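*Asks:* Sharing a structure, written as structure tokens. Questions coming.
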Amino acid sequence: LCLSPFFRLLRFCEEKRHQGDLEEIDALLGCPLILTNMDVVEKLESLSKAEREFLCSLLFHTINWFREVVNTFCKQKEAEMKMKVMTRLQNITYLQTLLERALAGTPGYVPPVCNFDGEATDGVAAGFTAPVNKTKKDGAGRKRKAPGKNSTEENSQPAEAAEAEETQQEQPEKEKEKETRPGVSLVAYRSFFRELDVEVLSVLQCGLLSRSLLDSELHTKVREEVLLGPGELVFLLEDMLHKLEFSLSAGPARRAPFLKAKADRSLGFSHLQQWSSRDIASYCVQLLPALCTHLENCHNHFQMLQSENNGVVDGPATDLQEHQLMSAGYQLLLQGLNTTFSWSGFSQPGHRNLLKKALGVLAGRLKEGGSELTLEQLVTHGFKYLLNFRSTMPSLSTALCLSQLLSTVSERGGDPAAYRQQMASLAHGFLTQIWVTATGERERGNKFNEALHALLSIYLEHADDVLMALEQITGTAIPELLSASKEGSSASWPTLHRQTFLVFYKVLMAELDKSARKIPAVKTSDDSETQVEKLLTWNLAVRDFHVLVNLVKVFDSRPVLNVCLKYGRLFLETFLKLGMPLLDCSFKRHKEDVQSLLKTFQLSTRQLHHMCGHSKIHQDTSLTSHVPALKKSLELFVYRVKAMLMLNNCQEAFWMGNLKNRNLKGEEILSQRSQGSDDDDEEEEEEEGLAQPQERSDDEDQNDGDRIPKNNRSGHMDQEENSDDSD
20 LCLSPFFRLL RFCEEKRHQG DLEEIDALLG CPLILTNMDV VEKLESLSKA
70 EREFLCSLLF HTINWFREVV NTFCKQKEAE MKMKVMTRLQ NITYLQTLLE
120 RALAGTPGYV PPVCNFDGEA TDGVAAGFTA PVNKTKKDGA GRKRKAPGKN
170 STEENSQPAE AAEAEETQQE QPEKEKEKET RPGVSLVAYR SFFRELDVEV
220 LSVLQCGLLS RSLLDSELHT KVREEVLLGP GELVFLLEDM LHKLEFSLSA
270 GPARRAPFLK AKADRSLGFS HLQQWSSRDI ASYCVQLLPA LCTHLENCHN
320 HFQMLQSENN GVVDGPATDL QEHQLMSAGY QLLLQGLNTT FSWSGFSQPG
370 HRNLLKKALG VLAGRLKEGG SELTLEQLVT HGFKYLLNFR STMPSLSTAL
420 CLSQLLSTVS ERGGDPAAYR QQMASLAHGF LTQIWVTATG ERERGNKFNE
470 ALHALLSIYL EHADDVLMAL EQITGTAIPE LLSASKEGSS ASWPTLHRQT
520 FLVFYKVLMA ELDKSARKIP AVKTSDDSET QVEKLLTWNL AVRDFHVLVN
570 LVKVFDSRPV LNVCLKYGRL FLETFLKLGM PLLDCSFKRH KEDVQSLLKT
620 FQLSTRQLHH MCGHSKIHQD TSLTSHVPAL KKSLELFVYR VKAMLMLNNC
670 QEAFWMGNLK NRNLKGEEIL SQRSQGSDDD DEEEEEEEGL AQPQERSDDE
720 DQNDGDRIPK NNRSGHMDQE ENSDDSD
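In case it helps, our numbering puts the sequence shown at residues 20 to 746.
This is the structure in structure tokens:
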């Protein structure tokens with residue numbers, strides 16, 4: 020328990036006595052440790068609870084010793100010392116794979132405390148709850164190799180970095196389930212590991228060890244250069260990302276002694292808190308050349324993989340474990356760069372030179388003399404450099420990280436709008452691409468859906484005309500999906516299939532409402548041409564809304580209905596606030612356009628009313644919670660249309676009638692006829708329209724559609740009487 024902290028104290032004493040020279044204790048770097056035979060991890064079931072907990076404690080103590088050893092000797096310059104540091108990193112990543120499996124077989128185990136620089140070290144263990152090892156439903160588990168193999172090959176991906184590849188296709192086959200060995204994520208145990216110093220990240224300046232440097236027996240060839248293995252690269256990048264997110268990301272205060280929940284965020288960062296945000300940013304800028312080299316290595320790896328397999332991702336030349344590690348490293352590099360360039364300090368004039376230096380590193384990978392360029396030129400060249408990586412994205416999550424990084428870099432210039440078209444084109448390319456895993460199965464799962472949601476939002480936010488982009492999806496991609504097989508997808512948008520429809524639907528509805536809010540309000544000074552332009556914009560928005568609302572007839576799951584009810588009300592409120600004043604002013608000049616728009620919109624309000632009835636019939640509280648506010652907006656819409664007609668002296672064209680309760684398909688709900696109207700919330704719904712009474716047949720009276728005249732003649736007000744008193 021005391022070994023690691025005492026060794027840290029010894030190190031500082033030696034550095035103080037010998038001006039940083041650690042020659043007297045450097046034997047401890049390569050000093051062997053005597054442990055139990057690690058084959059016992061394969062036989063966890065045969066061990067008693069005490070033995071399993073002892074094994075877990077042994078692994079925690081060993082890993083923490085190695086972490087402190089790496090802290091001590093990471094700054095050594097000699098090649099031999101660097102090689103030994105690299106060996107210890109390999110030991111750490113290997114032991115972590117064993118620890119994940121040992122923890123999975125030891126539920127309820129609480130690790131020993133390892134950090135003693137807080138005020139209440141006992142509280143860490145007392146408040147800790149061991150995570151439950153659940154079967155991974157979103158994707159396949161990670162395969163482990165036997166411990167007898169070369170360490171660079173057996174290093175599995177640490178838990179957090181694995182998220183890019185962890186949420187892939189399910190493996191229903193029993194054979195695959197048998198091969199998959201469960202492991203517990205070490206993310207929850209971070210406070211039980213010794214903190215790595217910031218200087219450890221200097222190891223990233225070593226090159227990357229690839230398979231081309233391994234001989235046929237998977238042993239490294241004799242070499243003088245110290246190289247990182249993929250597993251060690253991922254391990255260091257994960258730690259770097261944790262540090263950057265803590266120091267540079269805008270979040271809750273790092274020091275909150277009176278707020279325990281927020282103070283917990285600083286667990287494992289006590290050494291890092293001695294660094295200022297500027298110091299961390301400056302250190303990262305120093306590492307940028309090395310990070311760019313690793314980024315290019317990952318790009319070259321996947322580019323070579325594509326050429327070997329003739330462009331097929333899951334070809335015979337694909338090594339699954341290496342693919343997983345390289346994918347994780349690729350994503351972590353992009354996330355680290357994005358977190359660095361997102362630092363709010365770069366917006367301050369005092370840090371402008373540091374920003375130019377950072378952008379100069381990116382620009383310098385393409386063009387010499389980066390220091391002579393202006394900030395805008397640096398942004399342009401940096402953006403162009405990063406854009407080159409788009410062709411080798413191994414997963415949608417990685418593609419999202421690249422898109423976010425490019426967006427962040429573009430915002431560092433004076434004119435982010437100049438990059439809108441490139442950003443939209445990039446996101447569109449990713450969204451219309453077929454994403455498969457290294458095993459050849461389609462990407463899916465929660466992580467994939469989250470990345471898809473974010474990427475689709477980026478595409479629509481950067482599109483020149485959001486409403487036209489929405490219409491492209493609703494008018495082309497969705498009909499393709501409806502005509503495809505059950506397991507099929509849209510031909511033009513392969514990421515749109517039945518499993519991802521909810522993701523698309525949620526983003527489309529949200530962006531439609533956001534776009535409607537941005538339509539300029541009508542002004543009394545607007546000429547006829549301006550009014551027509553705004554009418555056309557609203558007509559397009561209403562048309563998109565109509566298509567989206569009517570999709571609930573096909574996709575009638577509760578989450579889809581929930582989204583439709585929520586954003587349907589928001590869009591209706593926006594239309595009442597911004598759209599109706601435009602119709603007031605435009606009615607006399609552009610009567611036919613106004614009537615056409617209202618007719619389309621009333622078809623949508625009818626469907627929303629059907630959804631209210633559906634929600635109450637099924638007594639689904641998650642849906643009925645939206646009903647009162649939506650009904651109020653629908654009622655306001657009725658009287659707002661009447662007010663518009665009165666304003667234009669056409670009130671005779673307005674008529675109202677009681678709407679009947681109908682289900683999503685428009686069929687009348689008969690079961691409620693026997694129910695009374697005692698509930699306070701049961702009220703008559705009114706339907707409005709512009710109608711010619713003499714043109715309505717008995718057939719139409721039984722239909723709850725909205726009537727708009729085909730000509731501009733105004734009839735008298737016709738009050739339709741229905742005996743239906745249901746809600």
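We put the CB at the ideal spot given by N, CA and C, even for glycine.
What you are looking at is a predicted structure, and each value in this text was computed from that prediction instead of being measured.
Does the separation of the CB atoms of residue 12 and residue 380 fall below 8 Å?
*Replies:* Residue 12 is absent from the model: the chain starts at 20 and stops at 746.
*Asks:* Residue 496 and residue 509: beta carbons closer than 8 Å?
*Replies:* Counted from its first residue, the sequence shown places residue 496 at position 477. Counted from its first residue, the sequence shown places residue 509 at position 490. Result yes, Cβ atoms of residue 496 and residue 509 sit closer than 8 Å.
*Asks:* With a 10 Å radius around its C-beta and 16 neighbouring C-beta atoms as the bar for buried, classify residue 749 as buried or exposed.
*Replies:* Residue coverage of the chain in this structure runs from 20 to 746, which leaves residue 749 outside it and unanswerable.
*Asks:* For residue 322, which residues in the same chain have their Cβ closer than 6 Å to its Cβ, ignoring the five residues on either side in sequence?
*Replies:* What you label residue 322 is simply residue 303 of the sequence shown in a count that begins at 1. Hits under 6 Å: 411.
*Asks:* For residue 401, which three-state DSSP category applies?
*Replies:* By 1-based counting over the sequence shown, the position of residue 401 is 382. Residue 401 falls in the helix class under three-state DSSP.
*Asks:* By Cβ distance below 7 Å, which residues in the same chain neighbour residue 374 in space, the five residues on each side in sequence not counted?
*Replies:* Looking up residue 374 in the sequence shown gives position 355. The residues are 365, 431.
*Asks:* In its own chain, which residues sit with a C-beta less than 8 Å from the C-beta of residue 258, not counting the 5 before and 5 after it?
*Replies:* Taking the sequence shown and counting its residues from 1, one reaches residue 258 at position 239. The answer, listed in chain order, is 215, 219, 220.
*Asks:* How far does the alpha helix (DSSP H) with residue 37 in it reach, from first residue to last?
*Replies:* Here residue 37 refers to the residue found at position 18 of the sequence shown. That residue, residue 37, is in no alpha helix (DSSP H); it is neither H nor E in DSSP.
*Asks:* Which word fits residue 626, buried or exposed, when buried means at least 16 other C-beta atoms lie within 10 angstroms of its C-beta?
*Replies:* On the sequence shown, residue 626 is found 607 positions in, with the first residue counted as 1. Buried, because 16 or more other Cβ atoms sit within 10 Å of the Cβ of residue 626.
*Asks:* Whose CA, out of 477, 551, 414, lies closest to the CA of residue 423?
*Replies:* Residue mapping note: residue 423 aligns to position 404 of the sequence shown, counting from 1. Considering only alpha carbons, the answer is 477.
*Asks:* When you compare the segment 587–600 with the segment 645–657, are there three or more beta-carbon pairs, one atom per stretch, that lie closer than 8 Å?
*Replies:* Yes, the segment 587–600 touches the segment 645–657.
*Asks:* By the three-class DSSP mapping on this structure, what secondary structure does residue 571 have?
*Replies:* Position 552 of the sequence shown holds residue 571. In this structure, residue 571 counts as helix in the three-state DSSP scheme.
*Asks:* Going straight from the alpha carbon of residue 170 to that of residue 110, what length do you get?
*Replies:* Translated into positions along the sequence shown, residue 170 becomes position 151. Translated into positions along the sequence shown, residue 110 becomes position 91. Its pLDDT being 39, under 50, residue 170 is placed unreliably by the model, and nothing is read from it.
*Asks:* Roughly how many whole angstroms lie between the Cα atoms of residue 571 and residue 583?
*Replies:* Here residue 571 refers to the residue found at position 552 of the sequence shown. Here residue 583 refers to the residue found at position 564 of the sequence shown. Taking the straight line joining both Cα atoms gives about 8 Å.
*Asks:* Exposed or buried, what is residue 573 when buried is set at 16 or more other beta-carbons lying within 10 Å of its beta-carbon?
*Replies:* Reading the sequence shown from its first residue, position 554 is the one you call residue 573. So residue 573 counts as exposed.
*Asks:* Any heavy atom of the ligand FMN closer than 7 Å to the Cβ of residue 123?
*Replies:* The ligand FMN is not part of this structure, which contains no ligands at all.
*Asks:* In whole angstroms, give me the CA-to-CA distance for residue 158 and residue 370.
*Replies:* Taking the first residue of the sequence shown as 1, we reach residue 158 at position 139. Taking the first residue of the sequence shown as 1, we reach residue 370 at position 351. Because the pLDDT of residue 158 is 41, which lies under 50, any placement of that residue in the model is unreliable, and the number read from its coordinates should be weighed accordingly. Approximately 43 Å, taken between the alpha carbons.
*Asks:* If contacts are defined as beta-carbon pairs under 8 Å, then residue 490 and residue 559 qualify, I think. What distance do you get, rounded to the angstrom?
*Replies:* The residue you call residue 490 lines up with position 471 of the sequence shown. The residue you call residue 559 lines up with position 540 of the sequence shown. Rounded, the Cβ-Cβ distance is 7 Å, consistent with contact.
*Asks:* Please report how far the alpha carbon of residue 603 lies from the alpha carbon of residue 355, in whole angstroms.
*Replies:* Stepping through the sequence shown from its first residue, residue 603 is reached at position 584. Stepping through the sequence shown from its first residue, residue 355 is reached at position 336. Residue 603 and residue 355: Cα-Cα distance of roughly 53 Å.
*Asks:* Assuming residue 75 and residue 24 are in contact, meaning their beta carbons sit under 8 Å apart, how far apart are those beta carbons, in whole angstroms?
*Replies:* Residue 75 sits at position 56 when you count from the first residue of the sequence shown. Residue 24 sits at position 5 when you count from the first residue of the sequence shown. Not a contact, Cβ separation roughly 20 Å.
*Asks:* In angstroms, rounded to a whole number, what distance separates the CA positions of residue 531 and residue 581?
*Replies:* Translated into positions along the sequence shown, residue 531 becomes position 512. Translated into positions along the sequence shown, residue 581 becomes position 562. Looking at the two C-alpha atoms, the distance is approximately 16 Å.
*Asks:* May I have the straight-line CA-CA distance separating residue 591 from residue 348, to the nearest angstrom?
*Replies:* Position 572 of the sequence shown, counting from 1, holds the residue named residue 591. Position 329 of the sequence shown, counting from 1, holds the residue named residue 348. The straight-line gap from Cα to Cα measures roughly 46 Å.
*Asks:* Going by DSSP, name the residue or residues bridged to residue 566.
*Replies:* Taking the first residue of the sequence shown as position 1, residue 566 is located at position 547. Its beta-bridge partners do not exist; DSSP assigns none.
*Asks:* Are the CB atoms of residue 416 and residue 350 nearer to each other than 8 Å?
*Replies:* Residue numbering aside, residue 416 sits at position 397 when the sequence shown is read from its first letter. Residue numbering aside, residue 350 sits at position 331 when the sequence shown is read from its first letter. Yes; because the gap between Cβ atoms is below 8 Å, this pair is in contact.
*Asks:* Taking residue 103 and residue 47 to be in contact with their CB atoms under 8 Å, please state how far apart those CB atoms are, rounded to whole angstroms.
*Replies:* The residue given as residue 103 occupies position 84 in the sequence shown. The residue given as residue 47 occupies position 28 in the sequence shown. About 10 Å; that fails the 8 Å criterion.
*Asks:* Could you tell me the alpha carbon to alpha carbon distance between residue 267 and residue 31, rounded to whole angstroms?
*Replies:* Locating residue 267 in the sequence shown gives position 248, where the first residue counts as 1. Locating residue 31 in the sequence shown gives position 12, where the first residue counts as 1. Straight-line Cα distance between these residues: approximately 28 Å.
*Asks:* If you count every other CB in all the chains shown that lies within 10 Å of the CB of residue 292, and 16 or more means buried, which is it?
*Replies:* Taking the sequence shown and counting its residues from 1, one reaches residue 292 at position 273. Label assigned to residue 292: exposed.
*Asks:* Buried or exposed: which applies to residue 525, given that a residue is buried once 16 or more other Cβ atoms fall within 10 Å of its Cβ?
*Replies:* Within the sequence shown, numbered from 1, the residue matching residue 525 stands at position 506. Counting Cβ neighbours within 10 Å, residue 525 comes out buried, since at least 16 surround it.
*Asks:* Going along the chain, which residues of its own chain have a beta-carbon closer than 7 Å to the beta-carbon of residue 586, five neighbours each way excluded?
*Replies:* Taking the sequence shown and counting its residues from 1, the one referred to as residue 586 is at position 567. Closer than 7 Å at Cβ, skipping near neighbours: 528, 529, 532.
*Asks:* Return the CA-CA distance between residue 609 and residue 447, expressed in angstroms with no decimal places.
*Replies:* Within the sequence shown, the letter at position 590 stands for residue 609. Within the sequence shown, the letter at position 428 stands for residue 447. Between residue 609 and residue 447, the C-alpha separation is close to 36 Å.
*Asks:* Identify, in the order they occur along the chain, each residue of the same chain with its Cβ nearer than 6 Å to the Cβ of residue 165, setting aside the five sequence neighbours on each side.
*Replies:* Position 146 of the sequence shown, counting from 1, holds the residue named residue 165. Because residue 165 sits at a pLDDT of 37, beneath the cut-off of 50, its placement in the model cannot be relied upon, and the following sentence gives the value as read from the coordinates. So the list is empty, once near-sequence residues are dropped.
*Asks:* Can you give me the start and stop residues for the alpha helix (DSSP H) that residue 480 sits inside?
*Replies:* On the sequence shown, position 461 is the one that residue 480 refers to. 465–481 is the span of the alpha helix (DSSP H), which, as asked, contains residue 480.
*Asks:* Round the Cβ separation of residue 482 and residue 449 to the nearest angstrom and send it over; I've been treating them as touching at under 8 Å.
*Replies:* Locating residue 482 in the sequence shown gives position 463, where the first residue counts as 1. Locating residue 449 in the sequence shown gives position 430, where the first residue counts as 1. Rounded, the Cβ-Cβ distance is 14 Å, inconsistent with contact.
*Asks:* First and last residue of the alpha helix (DSSP H) that includes residue 79?
*Replies:* Walking along the sequence shown from the start, residue 79 turns up at place 60. That run of the alpha helix (DSSP H) goes 68–92.
*Asks:* Buried or exposed for residue 593, going by 16 or more other Cβ atoms inside 10 Å?
*Replies:* Walking along the sequence shown from the start, residue 593 turns up at place 574. By the 10 Å Cβ count, residue 593 comes out buried.
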